[in-house]
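Undergrad: Next up is a structure, given as structure tokens.
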Ligand SMILES: Nc1ncnc2c1ncn2[C@@H]1O[C@H](COP(=O)(O)OP(=O)(O)O)[C@@H](O)[C@H]1O
Ligand code: SF4
Ligand SMILES: [Mg+2]
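Right under this line is the structure:
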């Protein structure tokens, strides 16, 4: 029997139908590690959204008397309770005890609360940088690949050009420039608006832009390559033969097919975005204090590494665990979706 | 091939020119100047004017740019504005070799660990060895230098006191400009910085080698070679390995770029006197010439790195021809 | 069957694909002469078979007719209207009448769309009917191509090659066209399925009075379905005649060579007949041979063949050929 006949037979038997997407989801669910990664990521998102609920203290509250507390150490803040009476599971407000689950930093701020609030920074970087690079890369790559010819050639030469220069140091300088201008104030309405926006993003606006700007290049190349291969596909020619215009072809046929691989690439790129934010914050270019970023926390704790390693280790563990979860999830998504979304079974 | 390299170099000239221009304009556009007050120490107005005149900062920007460009062509990176006893050339001479040594050694560690592990994992595909290797590789790519560095320092430097926790073990000048001295001190100092950068790279290379080798091992010609009765080891070495290294070569570009990023952090953590730390230290200041020159050097490294990767590619894959 | 009224007329149709080079701005350094100066007519209601080796320009011809490739020069008249001069809006209307079925049943259906939305796409593009009416029409079309309307919400990857090809046929029929370019619709299918699809196409032709340009890379595939057959070599039509004339009395050496490659079922004839084996490869269409493009492989070529291109002429009644040595 030919394979054709077999497929037809199977087809007539099975009642329900699955899209390639559903197929891939099923495959993904079978990968336990990847599912674990995804659950952890979802959990962290939950923690970030409800950070005030999960954090025992105000992340910015300084308490110089209780600085550099060791993890699980209880401290007396009202002086009427002895420190030994307090345990880490005591509800601080009720008992007048305070326990720093992960210790406190040099300014006496509760490290645990800061780590919890730090999830917001890392996740918003993951979200913002991937959306920025996805949108720019998708639009740029689609236009370039679809237009073809000299337009494509010129647009890709620009990408090559940007690939050929060390963007990171230049972007660091741009961040410095932006910070300096915003400290000084400006009478240009655009700059003022940007500064406002930056403040509302906890000083991270430029880091968002910087990371997005560093990473749209790869996405644009990927999108262009995909568009080039899909626009020659016969289903696109079929649509044209039916009288479809450019808009119909782009939005109905190209983007739905290009988006999948791009989303997978983004999910694999997220760990890089998180690292880059941490690195920029570590060298003092990220968040403005007292907003807690894990990179900035490592920087703050670093000088006291010898006596208080926990000030570095806890944010480090948080950073690595979240990244690990994203890596497991991204690998699983790639394995499950990459082949399936290319239209073969 | 020579023609190809020459063409690539010629094409790099406008890229470099635009890059210098953009950086020069950007650093000069920053608010404030190199001779602004630092804390309490402010400079009398007339001295500041004199200094600006001396370094040509009073001239129009385009004139400054072209005179900087002219100096560059003569191998002069320009003056250090706040450190009159040194020039940018002095700084580069001190820091460049350190960064190069750090970067090259890290990449080397990445390959030396990554390739064998990748091969072992692929040859034991779908066994415990494979799973453990892949798992560990994902774990290590998830630990950035920023975390691994302090962890190593605390464990081996503070707790067990085995390795020095800061500074580079040798100072320039080096043999041939970058060859490190083979002293115990140098290697002791280099161990932690190199490993904190190199393990992440090794993990990435392990994953790529494994994937590449698995791909090739399932290809027809390798199966043919096996069917012909060639011994397993011969098959791997002669047929599969070279081909499976092609995707690994693609990562050298990103690795070089990563070595730049990594060096910013590693040099900071281990207090190494390299370009990255210099660059970071200068960002609060207005050292126009230092900043532009360092960006230029990073750019040159990237361009030469990319050309090197392309040539390596052609060597690994004879199907690739550049005309 | 054919009443000899031309529905489609090609006049000196030419399609050259530019070969470009350049770092910043692309310069044209040459051209792939995929289709070069071809002229023929297709009569209303007939099936014209177009045959030639892979890469000789058959698909390009089909796509140039549909204006999917803008012709380099020449004209395409459909029902008296010159499609090469039509405005976008006019062309859009014309597309309701001219459709195409593709070779690759995998690449011709968007993997992200359900069968229902694939077949409804033409209706949507031309704003025909309400959503519910379209749904009804899709079901009708599925039945027409002998597929279960129950499959409407399935995805292409769940179907066999033959079933996918039927989906492609249903999509092409949605706008009720008069003329369909069938670009090797059976070449990618199992032999057992090929006959089914050909039969389906013939039934549809009878039912709706369709006109086909039926492309194949092998003469045996079009014998059954064609009324007339055109043979193409390296961008040129070399012979065009009613079916029986082509198979029983081929005039062009290339057609003779193609036919001699087809085994004859009668063993006596098979043993006696002379086989013409073509030597060498097909030359590159970016640098075609001078004179007659076939002269590098022609077993009977003479000096004149490499010097002058042969004229396209009617050697016998209704039997067109381009060869210096045909009397
Ligand atoms: N879009 C295109 N761009 C450049 N060359 C093309 C394109 N499409 C087809 N060709 C070339 O034109 C020639 C004819 O191709 P085609 O019409 O597809 O042949 P056939 O359908 O007979 O196999 C081939 O040499 C092919 O490489
Ligand atoms: S013209 Fe000459 S080369 Fe061409 S087919 Fe006729 S005999 Fe052969
Ligand atoms: Mg074809």
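Residue numbers (our numbering), protein chains in the order written: chain A, 5 to 349; chain B, 67 to 389; chain C, 11 to 337. Just so you know, even glycine gets a beta-carbon here, dropped at the ideal spot from N, CA and C.
Please indicate yes or no: does the CB of residue 42/C lie closer than 7 Å to some heavy atom of ligand 1?
TA: yes
Undergrad: Using Cβ-Cβ distances below 9 Å, what residues of the stretch 80-99 of chain B are close to chain A?
TA: Residues passing the 9 Å Cβ filter: 80, 81, 82, 84, 85, 88, 89, 92, 93, 95, 96, 97 and 98.
Undergrad: Assuming residue 84/C is part of the beta strand (DSSP E), what are its boundary residues?
TA: 83-88
Undergrad: Per DSSP, what kind of secondary structure is residue 43/C in: helix, strand or coil?
TA: strand
Undergrad: Select from 36/C, 22/C and 53/C the residue whose C-alpha is nearest the C-alpha of residue 74/C.
TA: With distances taken between Cα atoms, residue 74/C lies closest to 22/C.
Undergrad: What residue ranges within the stretch 57-134 of chain C form continuous beta strand (DSSP E) runs of no fewer than 3 residues, ordered along the chain?
TA: 57-61, 83-88 and 108-111
Undergrad: Return the residue from the list 252/B, 254/B and 192/B that minimises the CA-CA distance to residue 276/B.
TA: 192/B
Undergrad: Hey, is residue 87/C's beta-carbon within less than 8 Å of any beta-carbon in chain A?
TA: no
Undergrad: Can at least three beta-carbon pairs, one atom from the stretch 210-226 of chain A and one from the stretch 130-142 of chain A, be found at a separation below 8 Å?
TA: yes
Undergrad: Do residue 214/C and residue 132/C have their C-beta atoms closer together than 8 Å?
TA: no
Undergrad: Quick one, which of 162/C, 188/C and 327/C has its alpha-carbon nearest residue 107/C's?
TA: 188/C
Undergrad: Using DSSP with H/G/I as helix, E/B as strand and the rest coil, what is residue 302/A?
TA: helix
Undergrad: What residues from chain A crowd round residue 222/B, counting only those whose CB sits closer than 8 Å?
TA: Those do not exist, as residue 222/B stays about 13 Å from chain A at its closest Cβ, beyond 8 Å.
Undergrad: In angstroms, rounded to a whole number, what distance separates the CA positions of residue 183/A and residue 263/A?
TA: 35 Å
Undergrad: Go ahead and pull the three-state DSSP assignment for residue 379/B.
TA: helix
Undergrad: Residue range of the beta strand (DSSP E) that residue 246/C falls in?
TA: 246-252
Undergrad: Within 7 Å: the Cβ of residue 62/C and any heavy atom of ligand 1?
TA: Taking the Cβ of residue 62/C as the reference point, at least one heavy atom of ligand 1 falls within a distance shorter than 7 Å.
Undergrad: Would the C-beta of residue 339/A count as close to ligand 3, meaning under 7 Å from any of its heavy atoms?
TA: No, ligand 3 has no heavy atom inside 7 Å of this Cβ.
Undergrad: How long is the line joining the alpha carbons of residue 125/C and residue 177/C, rounded to whole angstroms?
TA: 7 Å
Undergrad: With distances taken between CB atoms, is the gap from residue 50/C to residue 41/C smaller than 8 Å?
TA: no
Undergrad: If contact means a Cβ-Cβ distance below 9 Å, which residues of the stretch 166-195 of chain C contact chain A?
TA: 166, 167, 168, 169, 170, 171, 172, 173, 178, 181, 182, 184, 185, 191 and 193
Undergrad: With three or more beta-carbon pairs closer than 8 Å as the criterion, would you say the stretch 274-288 of chain A touches the stretch 137-146 of chain C?
TA: no
Undergrad: I need the DSSP call for residue 108/A, collapsed to helix, strand or coil.
TA: strand
Undergrad: Decide yes or no for the touch test of the stretch 211-228 of chain B against the stretch 306-319 of chain A: beta carbon pairs closer than 8 Å, at least 3 of them.
TA: yes
Undergrad: In the DSSP assignment, find the beta strand (DSSP E) that holds residue 240/C and state where it starts and stops.
TA: 238-243
Undergrad: Between residue 264/C and ligand 2, is there a pair consisting of the residue's CB and a ligand heavy atom that are separated by less than 7 Å?
TA: Under cutoff, so the answer is yes.
Undergrad: Mind checking residue 164/B: buried by the 16 CB within 10 Å criterion, or exposed?
TA: buried
Undergrad: Strictly below 8 Å CB to CB, what residues from chain A border residue 334/B?
TA: 286 and 287
Undergrad: Please confirm if residue 47/C has its CB atom under 8 Å from at least one CB of chain A.
TA: The beta carbon of residue 47/C sits no closer than 8 Å to any beta carbon of chain A.
Undergrad: Are there three or more Cβ pairs, one per stretch, closer than 8 Å when the stretch 297-304 of chain A is compared with the stretch 257-272 of chain A?
TA: No: the two stretches stay apart, fewer than three of their Cβ pairs being nearer than 8 Å.
Undergrad: By a C-beta neighbour count over all protein chains shown, 10 Å radius and 16 as the cutoff for buried, is residue 209/B buried or exposed?
TA: buried
Undergrad: Could you check which residue in 368/B, 315/B and 347/B has the C-alpha nearest to that of residue 383/B?
TA: 315/B
Undergrad: Quick one: which residues of the stretch 231-244 of chain A get their C-beta closer than 7 Å to a C-beta of chain C? List them in chain order.
TA: 237, 238, 239, 241, 242, 243 and 244
Undergrad: For residue 255/A, name the three-state secondary structure that DSSP assigns.
TA: Collapsing the DSSP output to three states places residue 255/A in a helix.
Undergrad: Taking the beta strand (DSSP E) that residue 22/C belongs to, which residues open and close that run?
TA: 16-31
Undergrad: Beta carbon of residue 69/C: closer than 7 Å to some heavy atom of ligand 3?
TA: Yes; taking the cut-off as 7 Å, the Cβ of residue 69/C has a heavy atom of ligand 3 nearer than that.
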